[in-house]
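Our numbering numbers the first residue of the sequence shown as 59 and each following residue consecutively. To start, the structure itself, in structure tokens.
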Amino acid sequence: MIKDKIKGKIKLIYIDPPFGTGDEYEGNRGQKGYTAKSKGAEFVEFIRRRIIIAKEILDDDGLIMVRQGYNFGHYIKIVLDEVFGKSNFINEILVNRGKQRLGGSKKYSTATDTVYIYSKTDNYQFFGFKRARYKGEAKGTNMLMKGERNPPERVFLDPQGNKVTLLPPPNTHWKFIQPKIDVMYQKGVMYLAKSQKGLSSGIVKVEKNGKKIPVDYVPSFRFDDDKTIDANWTDISGYDQLTGYPTENSEPLLERIIKTATKEGDIVLDFFGGSGTTAAVAEKLNRKWITCDIGKLAFYTIQKRLLNIESSKSIENPNVLFGRSSKSFITINTGHYDLAKIFDLKQKEYSEFVMNLFEVEPKKKTISGIQIDGEKKDGYNVIVWQYWKFKNSSVDEDFLHNLHGHIGNKAGKRVYIIAPASYVDFISDYYEIEKVRYYFLKVPYHIIRELHKVQFKKFRQPQSKSNVNDLEDAIGFHFIRQPEVKSELKEKSGEYHITISKFLSDFSEEDTNRDMQNFESLAMILIDKNFDGETFDMDISYFAEDLLPKKKKKADENEIVENIKDGLKHLTQIVIPPILKKECGNKLMLVYVDIYGNEFKEEFKLK
């Protein structure tokens, strides 16, 4: 989607894809984060295709860094060698794992992951990262090194500040040449340390007459306050749990990665966005950023993290808050159609096109002077909003109240309005007036099956935290169809109780083409307890598994998925855990997500 716009402009690509290992990772409450189930050639090919695209969009002086685990890292390095060239391999960085892979009596525990660094050309930008020296770490060292050099003598200052010529002990030499030592004195980093061997150290002072006198001190120098790091980064955490998202990379790790490869204003890309650490740290370091992920939980986790970045920790000083709001950013959902191409269609063709997409049966009629274009499968009326007549207008509250003033409840308790997404002023998926709900069927923005003539596979969303980072290799995009949801909110004893009696997806099961039963396709429910009417800021997330009344003991991953689906099919209702009234604002917003990523947004006005 954005490849041509950013081609050759990205200074850093960092990715931490699922490792394909079969390892289990945990969230911050002990839930399994994911089991990376893709194996062998399938996993390697999945990564290879993405690395090829990464090379295309990377700047000539840019770097790519890929984090991998112990099982598949060596295979991924071969792919990186193939795509970027062996000569462009720069470093293999060791970073701490979030959880050690246990060893046993016949092997050692695995404690580290690897970050591979590659350049696109041999003319790349690289900035050595410096850190403050740790307490207890050596602050300096003496001037001695093994092996003899000529000339052996150097001029230093003695304890009284007088110039003296010193010879090193046998089989050693002074570390620096005389001009370098002179500069170090000018900088004030030279000092004399007491020799542990006293006058027997072997260091001697040479008098003008040639006489050699033993001394009990050794010339030394102080290190800089900051130390340039090497390729061993196990001094910092590799993972963190700030958001609760599984396998969340730590901010100190991303600070090093981003500062190594970029300057302020450079563009950073992460196309396995996950918890949003890359975007958050890039924002704090004044870099531009792009992040992508196929998961709805990842999308809303990243959005929340950036919206609340002001109250997160500063990178430069973790003891204080960052204290600044994020710069403006946009979110894009690519599971959509190309609106421009749709608008190029003639008015009649457009109406037929969108009604076909939303499975509307054409049935033209008039109710109180308002044209009705068709009916949905549930028998309720559908209006195709004529954008060509209202180019400077939108589907807003004024439009709906005007419409309702004409038809009232004559069209039934539910009316569907098909309109381009950019013309709909509501974030929620319906608006209620006098017990009549006006549902919005939004025509979104990207390439469609009919335009491409390709049967596209849909991205699946996890029903359990165990599957959050499962690999999905979808081809193309599909049209978003809102699931049908029926819910009820009640207030009792200072709590809000939400009961869901219906959740049906407008898709059949891909493998069997079978219509799914009530609740079977539910993936997750996300909640904003203080919705501001504009931006969804997630406070709570529940996977379908979390909402089952009883959880069976988990076995392998396939069994987990089947247990969840089977459990959901037998439910007659789902009760969301109570929400404290004192924690809520004037509005609640719920986002219901099915396993194909389709969303239904519902807003509850509380006060």
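Built from N, CA and C at the ideal position, the CB exists for glycine as well. Quick caveat: nothing in here was measured; it's all calculated off a predicted structure.
Under 8 Å by Cβ, that's how I've got Gln183 and Ala99 pegged, so tell me the actual separation to the nearest angstrom.
Taking the first residue of the sequence shown as position 1, residue 183 is located at position 125. Taking the first residue of the sequence shown as position 1, residue 99 is located at position 41. The beta-carbon distance between Gln183 and Ala99, rounded to whole angstroms, is 35 Å. This is too long to meet the 8 Å contact definition.
For the stretch 253-262 against the stretch 101-118, are there 3 or more C-beta pairs whose distance is under 8 Å?
Note that the stretch 253-262 does not touch the stretch 101-118; fewer than 3 beta-carbon pairs, one per stretch, sit closer than 8 Å.
I think Pro277 touches Phe214, with their Cβ atoms under 8 Å apart; what is that distance to the nearest whole Å?
On the sequence shown, position 219 is the one that residue 277 refers to. On the sequence shown, position 156 is the one that residue 214 refers to. Contact holds; Cβ gap of about 5 Å.
Compute the Euclidean distance between the alpha carbons of Ser96 and Glu206, then round it to the nearest angstrom.
The residue you call residue 96 lines up with position 38 of the sequence shown. The residue you call residue 206 lines up with position 148 of the sequence shown. Unreliable positioning characterises Ser96 in this predicted model, as indicated by a pLDDT of 47, which lies under 50. A coordinate reading is not provided.
Paired residues, beta bridge with Leu562 - DSSP
Your numbering for residue 562 matches position 504 in the sequence shown. Partner(s): Glu542.
Taking the C-alpha atoms as reference points, what is the distance between Val482 and Asp436?
Numbered from 1 along the sequence shown, position 424 holds the residue referred to as residue 482. Numbered from 1 along the sequence shown, position 378 holds the residue referred to as residue 436. If you draw a straight line from the Cα of Val482 to the Cα of Asp436, it comes to about 23 Å.
Check whether the Cβ of Glu140 sits closer than 6 Å to any heavy atom of the ligand ZN, and report yes or no.
Only the bare structure without any ligand can be found here, which leaves the ligand ZN out of the picture.
With DSSP as the reference, label Arg189 as helix, strand or coil.
Mapped onto the sequence shown, residue 189 falls at position 131. If DSSP states are grouped into helix, strand and coil, Arg189 belongs with the strands.
Return helix, strand or coil for His464, following the three-state DSSP convention.
The sequence position of residue 464 within the sequence shown is 406, counting from 1. Note: His464 maps to helix in three-state DSSP.
Assuming Phe316 contacts Arg189 under a Cβ cut-off of 8 Å, what Cβ separation, rounded to an integer in Å, is found between them?
The count along the sequence shown starts at 1 and reaches residue 316 at position 258. The count along the sequence shown starts at 1 and reaches residue 189 at position 131. Position check: residue 316 holds Ile in this sequence, whereas Phe was assumed. Contact between Ile316 and Arg189 is absent: CB atoms are separated by about 14 Å, not below the 8 Å threshold.
Pairwise C-alpha distance: Thr292 and Arg472
Working through the sequence shown from its first residue, we reach residue 472 at position 414. Working through the sequence shown from its first residue, we reach residue 292 at position 234. So the two alpha carbons sit approximately 59 Å from each other.
Please confirm if the stretch 294-303 is in contact with the stretch 132-143, defined as three or more CB-CB distances below 8 Å between the two stretches.
The answer is no - the stretch 132-143 does not touch the stretch 294-303, with fewer than three Cβ pairs under 8 Å.
Check Asp624 in the structure and name its three-state DSSP category.
Taking the first residue of the sequence shown as position 1, residue 624 is located at position 566. In this structure, DSSP gives Asp624 a helical state, which the three-state scheme calls helix.
Please state if the CB of Lys659 and the CB of Asp431 are separated by a distance shorter than 7 Å.
Working through the sequence shown from its first residue, we reach residue 431 at position 373. Working through the sequence shown from its first residue, we reach residue 659 at position 601. Their beta carbons are not under 7 Å apart, which means Asp431 does not touch Lys659 by this criterion.
By Cβ distance, which residues of its chain are closer than 8 Å to Ser372, with the 5 residues on each side in sequence left out?
The residue you call residue 372 lines up with position 314 of the sequence shown. For Ser372, where only same-chain residues beyond five positions count, the Cβ hits under 8 Å are Lys342, Val378, Leu379, Phe380 and Gly381.
Which residue's Cα is closest to the Cα of Ile558: Val412, Lys587, Gln540 and Leu580?
Residue 558 sits at position 500 when you count from the first residue of the sequence shown. Out of Val412, Lys587, Gln540 and Leu580, Leu580 has the C-alpha closest to the C-alpha of Ile558.
On the three-state DSSP scale, how would you describe Lys135?
Sequence index remark: in the sequence shown, residue 135 carries index 77 (1-based). Three-state DSSP puts Lys135 in a helix.
Excluding sequence positions up to five away, which residues of its chain have a Cβ less than 8 Å from the Cβ of Glu417?
Position 359 of the sequence shown, counted from the start, is the residue given in the question as residue 417. Cβ neighbours of Glu417 beyond the five flanking positions: Lys434, Lys435 and Asp564.
Who are the Cβ neighbours of Ala251 in its own chain at under 7 Å, not counting the five residues just before and after it?
As a first step, residue 251 must be located in the sequence shown, where it is residue number 193. Apart from the 5 residues on each side of it in sequence, Ala251 sits with its Cβ closer than 7 Å to the Cβ of Asn200, Tyr275, Val276 and Ser278 in its chain, given in chain order.
To the nearest angstrom, how far is the alpha carbon of Val651 from that of Val633?
Numbered from 1 along the sequence shown, position 593 holds the residue referred to as residue 651. Numbered from 1 along the sequence shown, position 575 holds the residue referred to as residue 633. Approximately 16 Å between the Cα atoms of the pair.
Pick from Phe561, Glu553, Leu606 and Lys269 that is closest to Val543, judged by C-alpha positions:
If you number the sequence shown from 1, residue 543 lands on position 485. Closest option to Val543, judged by alpha-carbon separation, among Phe561, Glu553, Leu606 and Lys269: Phe561.
Counterpart residues of Trp347 in DSSP-defined beta bridges
Here residue 347 is taken as the residue at index 289 of the sequence shown, counted from 1. Note: Trp347 sits in a beta bridge opposite Val326.
Own chain, CB closer than 8 Å to Thr349, minus 5 neighbours either side, in chain order
Residue numbering aside, residue 349 sits at position 291 when the sequence shown is read from its first letter. Cβ neighbours of Thr349 within its own chain (closer than 8 Å, five residues either side excluded): Leu327, Asp328, Phe329, Gly331, Gly334, Thr336, Ala337 and Ile360.
If you follow the beta strand (DSSP E) that Ala251 is in, where does it begin and where does it stop?
Stepping through the sequence shown from its first residue, residue 251 is reached at position 193. Looking at the DSSP string, the run of the beta strand (DSSP E) that includes Ala251 is Met248 to Lys252.
Identity of the residues DSSP links to Val213 by a beta bridge:
The residue you call residue 213 lines up with position 155 of the sequence shown. As DSSP reads the structure, Val213 sits in a beta bridge with Thr223.
Inter-residue CB distance, Val222 and Lys263 (contact presumed, cutoff 8 Å)
Position 164 of the sequence shown holds residue 222. Position 205 of the sequence shown holds residue 263. Confirmed, about 5 Å.
Take Phe577 and list the residues in its own chain whose beta-carbon comes closer than 6 Å to its own, dropping the five residues that flank it on each side.
Taking the sequence shown and counting its residues from 1, the one referred to as residue 577 is at position 519. Contacts found: Phe561, Leu626 and Leu629.
CB contact flag (Asp669, Leu365, <7 Å)
The displayed coordinates of the chain run from 59 to 665. Any statement about residue 669 would go beyond what the structure contains.
Beta-carbon separation (whole angstroms), Pro636 vs Glu553, contact threshold 8 Å
For this step, residue 636 is matched to residue 578 along the sequence shown. For this step, residue 553 is matched to residue 495 along the sequence shown. Correct: roughly 4 Å between the Cβ atoms.
Considering Arg280, what are the terminal residues of the beta strand (DSSP E) in which it resides?
Taking the first residue of the sequence shown as position 1, residue 280 is located at position 222. Membership of Arg280 in the beta strand (DSSP E) is indicated by the continuous run Tyr275 to Arg280.
On the criterion of 16 or more Cβ atoms from any shown chain inside 10 Å, does Pro420 qualify as buried, or is it exposed?
For this step, residue 420 is matched to residue 362 along the sequence shown. By the 10 Å Cβ count, Pro420 comes out exposed.
Quick one: using the 10 Å Cβ neighbour count with 16 as the cut-off for buried, is Met248 buried or exposed?
Residue numbering aside, residue 248 sits at position 190 when the sequence shown is read from its first letter. Met248 comes out buried.
Can you tell me where the alpha helix (DSSP H) holding Ser409 begins and where it ends?
In the sequence shown, counting from the first residue as 1, residue 409 sits at position 351. Per DSSP, Ser409 belongs to the alpha helix (DSSP H) from Gln405 to Leu415.
Residues in the same chain with beta-carbon distance under 8 Å from Lys238, minus the five sequence neighbours each way, listed in chain order, please.
Counting from one through the sequence shown, the residue named residue 238 turns up at place 180. So the list is empty, once near-sequence residues are dropped.
Output the distance between the C-alpha atoms of Asp21 and Met242, rounded to the nearest integer angstrom.
Lying outside 59 to 665, the shown extent of the chain, residue 21 is not represented and no answer is given.
Whole angstroms is fine: what's the gap from Ala469's alpha carbon to Leu547's?
Counting from 1 along the sequence shown, the entry for residue 469 is found at position 411. Counting from 1 along the sequence shown, the entry for residue 547 is found at position 489. Take the alpha-carbon of Ala469 and the one of Leu547: they are about 25 Å apart.
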